[in-house]
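Asker:
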Amino acid sequence: MPLTNAFAFAFWGGDFYFFTLGDPNGQADYSKVTKLDYDDSDNSGKALTTVHANAPIRVVGAGVSTCAPLEPPG
Numbered sequence: 089m090p091l092t093n094a095f096a097f098a099f100w101g102g103d104f105y106f107f108t109l110g111d112p113n114g115q116a117d118y119s120k121v122t123k124l125d126y127d128d129s130d131n132s133g134k135a136l137t138t139v140h141a142n143a144p145i146r147v148v149g150a151g152v153s154t155c156a157p158l159e160p161p162g
């Protein structure tokens, strides 16, 4: 993942989610969302995968509520 001007992360459901500026040159107002399957629940060997290449906003902060479920739905 390239270093960008906007960066945030969150941990939810055993996985890390990284929110970085979609354009590493800082010319875009959208974010790229990447997931690290930390608990290997997807059986992909803790791989980094792109969840959303062009999220419609520039994410500059992220967090997870203590009331959020511990596991993703499904």
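If you use this note's numbering, the sequence shown corresponds to residues 89 to 162, in order. Ideal placement from N, C-alpha and C gives every residue a C-beta, glycine not left out.
Report back the beta-carbon spacing between valine 139 and valine 152 to the nearest angstrom; my notes put them in contact at under 8 Å.
Answerer: That belief does not hold up - the Cβ atoms of valine 139 and valine 152 are roughly 15 Å apart, past 8 Å.
Asker: Is phenylalanine 97 near the ligand SAH - that is, is its Cβ less than 6 Å away from at least one heavy atom of it?
Answerer: With respect to the ligand SAH, the structure shown offers nothing to examine, as it has no ligands at all.
Asker: Go through its chain and collect everything with a Cβ distance to alanine 143's Cβ below 8 Å, but skip five positions before and after it.
Answerer: Closer than 8 Å at the Cβ level, and outside the excluded window around alanine 143, lie Phe107, Gly110, Tyr118, Ser119, Lys120, Val121.
Asker: Would you mind sorting tyrosine 105 into buried or exposed? The rule is 16 or more other CB atoms within 10 Å of its CB.
Answerer: By the neighbour-count rule (16 or more Cβ atoms within 10 Å), tyrosine 105 is buried.
Asker: Among Pro112, Ala141, Asn113, Glu159, which residue has its Cα nearest to the Cα of serine 129?
Answerer: Nearest of Pro112, Ala141, Asn113, Glu159 to serine 129, Cα basis: Glu159.
Asker: Going by the beta-carbon positions, is the gap between alanine 150 and alanine 116 smaller than 7 Å?
Answerer: Cβ atoms of alanine 150 and alanine 116: not closer than 7 Å.
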